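Undergrad:
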Amino acid sequence: MESLRFDRELYELNRKNVRILLYPLFSGKTLLGYLGVENFDADQLAYAKDLLGEYSRYLAAKLSVVGRLRQLPDPAASDHLTGLGSASAYQSKLEELKSDRQPAALVYLDLYNLRDYNADHGPQEGNLLLQQTADWLAESFAVSQLYRISGEEFVAVLPGASESDLEAKLKEVKDRQAGEDRIKLIWTGKVCDYPRHILDAAKQLDQALNERKSELYAAAKQD
């Protein structure tokens, strides 16, 4: 019997020549349960494992998206691929901060390896990577603070954050990125103490991030 779990019940099934394959299903870091196949052809073991693994990844990503949508105040104003706030929701948030005269820190992040990842693995895997990036970001920021504003660009809005708050948050992102192999992010951030200028600050950060990404692409071509 091939299995990712083993207990007395499975042992007894094995004695009866019943084959069980179980694959763990996670939501974030929480184990939800197992996907399983029984009585599969022994010659198809590798195929069965791969199939369960792929299905588990996509199902886990979808469950994470649904969970994030439930945390948003207005799920209709969301990016339904990632379950984060949409570009229009982000613009509304900026206008709200400006109207309420509330200072905030903005953090712009770009999944800069998405273009090459799509080329190597296809758009379906690219979409999965975007969903996993949303999972990754949700470990450092509240879901209500996060927005996906373009194909590979994300923003975190931190109302009332100070310079030290922003510095600590960017250090956290940097430290986590040091151990990350698949999700490659670049970022820039700024505290906007003058809310009436927050739209200008957003444009400046967006431009700075795009310039940094262009520099990385140019350097990659030279290597």
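So the sequence shown is numbered by our numbering: it starts at 1 and just counts up by one. Even glycine gets a Cβ: it sits at the ideal position worked out from N, Cα and C. Because the structure is a prediction, the values reported are computed rather than measured.
(1) Going by DSSP, what residue range makes up the alpha helix (DSSP H) through Gly53?
(2) Measuring alpha carbon to alpha carbon, tell me which of Ser162, Arg196 and Lys169 ends up nearest Ser99.
(3) Which residue comes first and which comes last in the beta strand (DSSP E) that contains Ala104?
(4) Rounding to the nearest angstrom, what Cα-Cα distance links Leu216 and Asn210 in this structure?
(5) Tell me whether Ser3 sits in a helix, a strand or coil according to DSSP, three-state version.
(6) If you draw a straight line from the C-alpha of Gly85 to the C-alpha of Val155, how long is it?
(7) Would you kindly report the start and end of the unbroken beta strand (DSSP E) that includes Thr30?
(8) Which whole-angstrom value is the C-beta distance of Thr82 and Leu129, which I expect to be below 8 Å?
(9) For Ala178, which of helix, strand or coil comes out of DSSP?
TA: The short version:
(1) Leu45 to Gln71
(2) Arg196
(3) Ala104 to Leu111
(4) 10 Å
(5) No answer about Ser3 holds up, because its pLDDT of 44 lies below 50 and its placement is not dependable.
(6) 9 Å
(7) Thr30 to Glu38
(8) At roughly 11 Å, the Cβ-Cβ gap does not stay under 8 Å, so Thr82 and Leu129 are not in contact.
(9) helix
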